[in-house]
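Working notes, structure below.
Numbering (the UniProt record's numbering), first residue to last: 1 to 202.
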């Protein structure tokens, strides 16, 4: 009986030791990879910001602000990266998402001139159908019919698809994706205009 009891405690001790060592190794590995991942993420964001906003001499990513936008989808969080030149606002990049895409979340970053005109945009994340919804990054910058959103402002253009009485052509056979993408753009614009008013932010 004592031998069985001794074996039990030895097994328990061994399992505890193995668990502790494994946990320590996982924690150590996380610490080793956390900083490089954070640096890579920041570098990726900085590149996207540089691609979509006017010339600036500040550090938009270090001056970022977070706003909560209320729209037809409920509450959406948007991050604003202000672009300044000589201390004056030149525009901003706004990152936000919409979860109603055909494949779920569509995350974008939209660059606005100071007056709210769209300078450029990038699609950061999506799971849309290749050859259909996945074309959004090219479709909405192509000068054909009513596809291109660059150079337009949601203040003067109805950023809904034409099927919904809007001014923007949906991607062929990908209306769901188009609606979600344009909804994200509207959210970005709403956050930008709120920031111009000096509204509450996190």
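The beta-carbon is built from N, C-alpha and C at its ideal position, and this holds for glycine as well.
Assuming residue 177 and residue 128 form a contact by the criterion Cβ under 8 Å, report the distance between their Cβ atoms to the nearest whole angstrom.
Between residue 128 and residue 177 the Cβ distance is about 5 Å, and since that is below 8 Å, they are a contact.
In chain order, what residues of the same chain have a beta carbon less than 7 Å from the beta carbon of residue 163, not counting five sequence neighbours either side?
Excluding residues within five positions, the ones whose Cβ falls inside 7 Å are 170, 175.
Using 9 Å as the threshold, is the C-beta distance between residue 102 and residue 151 below it?
Cβ distance not < 9 Å, so residue 102 and residue 151 don't count as in contact.
Quick check on DSSP: helix, strand or coil for residue 54?
In the structure shown, residue 54 sits in coil (DSSP, three-state: anything other than H, G, I, E or B).
Between which two residues does the beta strand (DSSP E) holding residue 120 run?
Start and end: 118-125.
Once you ignore the five residues that flank residue 94 on each side, which residues in its own chain have a CB closer than 6 Å to its CB?
Here the set comprises 78, 80, 110, 188, 191, 192.
Could you spell out where the alpha helix (DSSP H) holding residue 195 opens and where it closes?
Start and end: 175-196.
Could you pull out every residue in the same chain whose Cβ sits closer than 8 Å to the Cβ of residue 52, ignoring the five residues on either side in sequence?
For residue 52, where only same-chain residues beyond five positions count, the Cβ hits under 8 Å are 93, 109, 110, 111, 119, 120, 121, 122.
My output table needs one value for residue 158: the three-state DSSP class, helix, strand or coil.
Reduced to three states, the DSSP call for residue 158 is coil.
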